[in-house]
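Asks:
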Amino acid sequence: MCGIVGYVGSRKAQEVLIKGLSRLEYRGYDSAGVAILEGHKINLVKRQGKLRILTDVLKSEPAKGSIGVGHTRWATHGVPNDVNAHPHLDCASKIAVVHNGIIENYLDLKKTLMKEGHRFSSETDTEVIAHLIEKYYKDDLETAVLKTIRSLKGSYAIAAIHASEPDKVVGARCDSPLIVGVGEGENFLASDVPAVLDYTKNIIYLDNHELITITKKGVTIKDYSGRIIQKNPSKIKWDIKQAEKAGHSHFMLKEIYEQGAVLDGILDERLHDGKVVFEELAIKDNDLKRFTKIAIVACGTAYHAGLTGKYMLEEYARIPCWVDTSSEFRYRDPIVDKNTLVIIISQSGETADSLAALREAKRKGAKTLGICNVVGSSIARESDGVIYTHAGPEIAVASTKAYTAQLAVLYLVTLYLGRLRKVIGSAKFDHIIKEFRRAPALMNSLIDEYRSDYNNIAAYAGEFKKYYFEKHNKSHFLYLGRNINYPNALEGALKLKEISYISAEGYAAGEMKHGPIALIDENPWVVCIAVQSKTYDKMLSNIQEIKARGGIVIAITTEGDEEIMHHNVNYVIELPKIDELFSPLLVVIPLQLLAYYVAKKFGYDIDQPRNLAKSVTVE
Ligand code: M6R
Numbered sequence: 005m006c007g008i009v010g011y012v013g014s015r016k017a018q019e020v021l022i023k024g025l026s027r028l029e030y031r032g033y034d035s036a037g038v039a040i041l042e043g044h045k046i047n048l049v050k051r052q053g054k055l056r057i058l059t060d061v062l063k064s065e066p067a068k069g070s071i072g073v074g075h076t077r078w079a080t081h082g083v084p085n086d087v088n089a090h091p092h093l094d095c096a097s098k099i100a101v102v103h104n105g106i107i108e109n110y111l112d113l114k115k116t117l118m119k120e121g122h123r124f125s126s127e128t129d130t131e132v133i134a135h136l137i138e139k140y141y142k143d144d145l146e147t148a149v150l151k152t153i154r155s156l157k158g159s160y161a162i163a164a165i166h167a168s169e170p171d172k173v174v175g176a177r178c179d180s181p182l183i184v185g186v187g188e189g190e191n192f193l194a195s196d197v198p199a200v201l202d203y204t205k206n207i208i209y210l211d212n213h214e215l216i217t218i219t220k221k222g223v224t225i226k227d228y229s230g231r232i233i234q235k236n237p238s239k240i241k242w243d244i245k246q247a248e249k250a251g252h253s254h255f256m257l258k259e260i261y262e263q264g265a266v267l268d269g270i271l272d273e274r275l276h277d278g279k280v281v282f283e284e285l286a287i288k289d290n291d292l293k294r295f296t297k298i299a300i301v302a303c304g305t306a307y308h309a310g311l312t313g314k315y316m317l318e319e320y321a322r323i324p325c326w327v328d329t330s331s332e333f334r335y336r337d338p339i340v341d342k343n344t345l346v347i348i349i350s351q352s353g354e355t356a357d358s359l360a361a362l363r364e365a366k367r368k369g370a371k372t373l374g375i376c377n378v379v380g381s382s383i384a385r386e387s388d389g390v391i392y393t394h395a396g397p398e399i400a401v402a403s404t405k406a407y408t409a410q411l412a413v414l415y416l417v418t419l420y421l422g423r424l425r426k427v428i429g430s431a432k433f434d435h436i437i438k439e440f441r442r443a444p445a446l447m448n449s450l451i452d453e454y455r456s457d458y459n460n461i462a463a464y465a466g467e468f469k470k471y472y473f474e475k476h477n478k479s480h481f482l483y484l485g486r487n488i489n490y491p492n493a494l495e496g497a498l499k500l501k502e503i504s505y506i507s508a509e510g511y512a513a514g515e516m517k518h519g520p521i522a523l524i525d526e527n528p529w530v531v532c533i534a535v536q537s538k539t540y541d542k543m544l545s546n547i548q549e550i551k552a553r554g555g556i557v558i559a560i561t562t563e564g565d566e567e568i569m570h571h572n573v574n575y576v577i578e579l580p581k582i583d584e585l586f587s588p589l590l591v592v593i594p595l596q597l598l599a600y601y602v603a604k605k606f607g608y609d610i611d612q613p614r615n616l617a618k619s620v621t622v623e
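As numbered in our numbering, residues 5 to 623 make up the sequence shown, in order.
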């Protein structure tokens, strides 16, 4: 977590840093700060709270200078306050450092530095970096940073400036992302591409254990033994407009609305001449044929996509598949070997647990396939093969379009493997693809319906709020689904709790009688995914059981379903008809919108919910 930015050029550093931080605020928003070189002095301004607080301070007392570093924080070591906010300084206030990651040996380093006379002002792990640079500094910042990082254990992306060298920013990376924006007469460092896209589309992705120095004139990359590494910038194809709200009240809403177009783009890119095409997939067909099992590993929403993938892969490619959360997989000695394909799903491609799980799978000899959204991310680069979801930047902390893009890629992987393993014949393949091709238009028609100012989901959210307060905050949500829509029940609950802070639980409907039914009295609102499927009748029985105990039911059904009306449900959300296999793509849209509107009715900060950050780059 945390976002860092560094700038050297002729513009006002304050403006570049603040703009960059505003594009990185999704990574953390507990505090923000900048350190800008004004002549041979560092001007440090940092504040607890969101970036706008810092921006207001800087408006009234602007910092001059064209070199600086900035930071937006998701707190790990030390509470979010002004003192613990980055940048951090050395004793003489000549060095300023920003850091994303965790320094695991910081306590030992701090003790030694204190014995040597260094004075610390914060509770952070980061401050040791500033003091170590001070300790090693003779007359060259780059050498001092190199010596410093050799003593660090843990993960870091750092950027540092020194008052005696007002022409450069020095950085380094190990397990936390860092990119270089290459400009003309100016250069940038940042945790992610959007931070620099207003100024340049030429990006260099740094690898682990690379040291970087940027000046106005150029960029020098070295390995930790000091050898120069030549790297050419890649050109970013997307536009900064994609990372803006484009008139929507929230990024989350914009990203929900984009899902039909994203799916359309994925199908156009991947389906050619009656075949699924993965150009960037570096795993050969012969290898794909010989795998005897698949493990899918991911966190959060990506994990739910993986769970849905299991249903597809087992039914349509007839390959045994299991799904693990990355944090469990990495520590439990999983049984994977050269005959296992391990699929790691991650929007950011930087999630620490997923990256560690990938490395563990490789260490055990498995082949790894990353399904990532962020191009050039660590998981994408370290996997044996990668398939990009190409969903465009996802800014809201609550993942929406990345989820449906992950589902889309999993469908395509299933069809690819199904054909390869001769489970799906060509007629069946064509039939499935025809149905798949209908999905984007159906998603768009649903979204068009929901775009109206007062759609039924917004109204249900309003009813819920009223009910919640009438019940003295006692109400909560239960989400039930079956078969391929069971993971959507988990996803609906996750969406609601992460942005509205209302307790919500997702369950396989068949499991209801084994425990959750005890929760049902007149308090819970139960979202029942009851679209047409082979388990539809079972779901109707579950609805009866809930109604018999006084629960309030929102039923997600298929249009034309008259049966549901006989079951006394309280609210109905109708979806267009589609084959059960692809129904998760439609079902999730009202679930996302329900979470969105509940959070909106309660007045919460939807794009930046408390305690969360978009990419979890620490354990
Ligand atoms: O970047 P990743 O896909 O690896 O992130 C995984 C989770 O952190 C993420 O899906 C998280 O659960 C979202 N906030 C859910 O909306």
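Heads up, the beta-carbon is just placed ideally off N, CA and C, and yes, glycines get one too. No experiment lies behind these values; they were computed from the predicted model shown.
(1) Whole angstroms are fine: how far does the CA of A321 sit from the CA of Y279?
(2) With distances taken Cα to Cα, identify the nearest neighbour of G222 among H213, G230, S229, N206.
(3) Using the three-state DSSP reduction, which class does R56 fall into: helix, strand or coil?
(4) What is the DSSP secondary structure of Y30, counted as helix, strand or coil?
(5) Measure from the alpha carbon of E131 to the alpha carbon of each residue in Y160, A286, D143, then state which is nearest.
(6) The alpha helix (DSSP H) with G189 in it runs from where to where?
(7) Taking only three categories from DSSP, how would you classify G396?
(8) Using 8 Å as the cut-off, can you tell me whether the stretch 380-398 makes contact with the stretch 564-577, which would need three or more C-beta pairs spanning the two stretches below that distance?
(9) Over the uninterrupted beta strand (DSSP E) stretch that includes I165, give me the two end residues.
(10) For N477, would you say it is in contact with chain B, using Cβ-to-Cβ distances shorter than 8 Å as the test?
(11) Identify whether A286 lies in helix, strand or coil by the three-state DSSP scheme.
(12) Taking the alpha carbon of N460 as the reference point, which residue from Y601, S430, R15 has its own alpha carbon closest?
(13) With a cut-off of 8 Å on the beta carbons, I'd call G7 and L28 a contact; round off their distance for me.
(14) Reducing DSSP to helix, strand and coil, say where Y335 ends up.
(15) Please report the distance separating the alpha-carbon of A463 from that of L590.
(16) Is it true that the CB of N47 sits closer than 8 Å to the CB of S195?
(17) Which value, in whole angstroms, describes the spacing of the CA atoms of A176 and Q18?
(18) What are the boundary residues of the alpha helix (DSSP H) that F440 is part of?
(19) Jot down the residue ranges of each uninterrupted alpha helix (DSSP H) in the stretch 242-273, minimum 4 residues, whole runs only, in chain order.
(20) Quick one: using the 10 Å Cβ neighbour count with 16 as the cut-off for buried, is V83 buried or exposed?
(21) Around the Cβ of M543, are there at least 16 other Cβ atoms within 10 angstroms (buried) or fewer (exposed)?
(22) With distances taken between CB atoms, is the gap from K551 to H570 smaller than 8 Å?
(23) Which residues bound the beta strand (DSSP E) around G7?
(24) Compute the minimum distance between the beta carbon of L373 and the heavy atoms of the ligand M6R, and state whether it is under 7 Å.
(25) Does the distance between the C-beta of Q351 and the nearest non-hydrogen atom of the ligand M6R fall short of 7 Å?
(26) For the beta strand (DSSP E) holding F481, just list the boundary residues, first then last.
Replies: Looking at the atomic coordinates:
(1) In the sequence under discussion, the amino acid at residue 279 is Lys, which differs from the Tyr named in the question. Going from the Cα of K279 to the Cα of A321 covers about 15 Å.
(2) With distances taken between Cα atoms, G222 lies closest to N206.
(3) Helix, per DSSP.
(4) The three-state reading of DSSP puts Y30 in helix, counting H, G and I together.
(5) That would be Y160, whose Cα lies nearest to the Cα of E131.
(6) Where G189 is concerned, there is no enclosing alpha helix (DSSP H), given that its DSSP letter is neither H nor E.
(7) The answer is coil: DSSP assigns G396 none of H, G, I, E or B.
(8) The stretch 380-398 vs the stretch 564-577: no contact.
(9) Looking at the DSSP string, the run of the beta strand (DSSP E) that includes I165 is 158-166.
(10) Checking the listed chains, one finds no chain B in this structure; it contains a single protein chain.
(11) Three-state DSSP puts A286 in coil, outside helix and strand.
(12) That would be Y601, whose Cα lies nearest to the Cα of N460.
(13) Contact holds; Cβ gap of about 3 Å.
(14) Y335: coil per DSSP, three-state reduction.
(15) Rounded to the nearest angstrom, the two C-alpha atoms are 20 Å apart.
(16) N47 is positioned such that its CB atom lies no closer than 8 Å to that of S195.
(17) Taking the CA atoms as reference points, A176 sits about 22 Å from Q18.
(18) From DSSP, the alpha helix (DSSP H) with F440 extends over 430-455.
(19) Counting only runs of 4 or more, we get 255-261.
(20) Exposed, since its Cβ has fewer than 16 Cβ neighbours within 10 Å.
(21) M543 counts as buried, since no fewer than 16 other beta carbons sit within 10 angstroms of its beta carbon.
(22) No. Outside cutoff.
(23) It spans 7-12 - the beta strand (DSSP E) in which G7 sits, taken as one unbroken run.
(24) Annotation for L373 indicates a beta carbon at 7 Å or more from all heavy atoms of the ligand M6R.
(25) Because some heavy atom of the ligand M6R lies under 7 Å away, the Cβ of Q351 counts as near it: yes.
(26) For F481, the uninterrupted beta strand (DSSP E) run begins and ends at 481-485, by DSSP.
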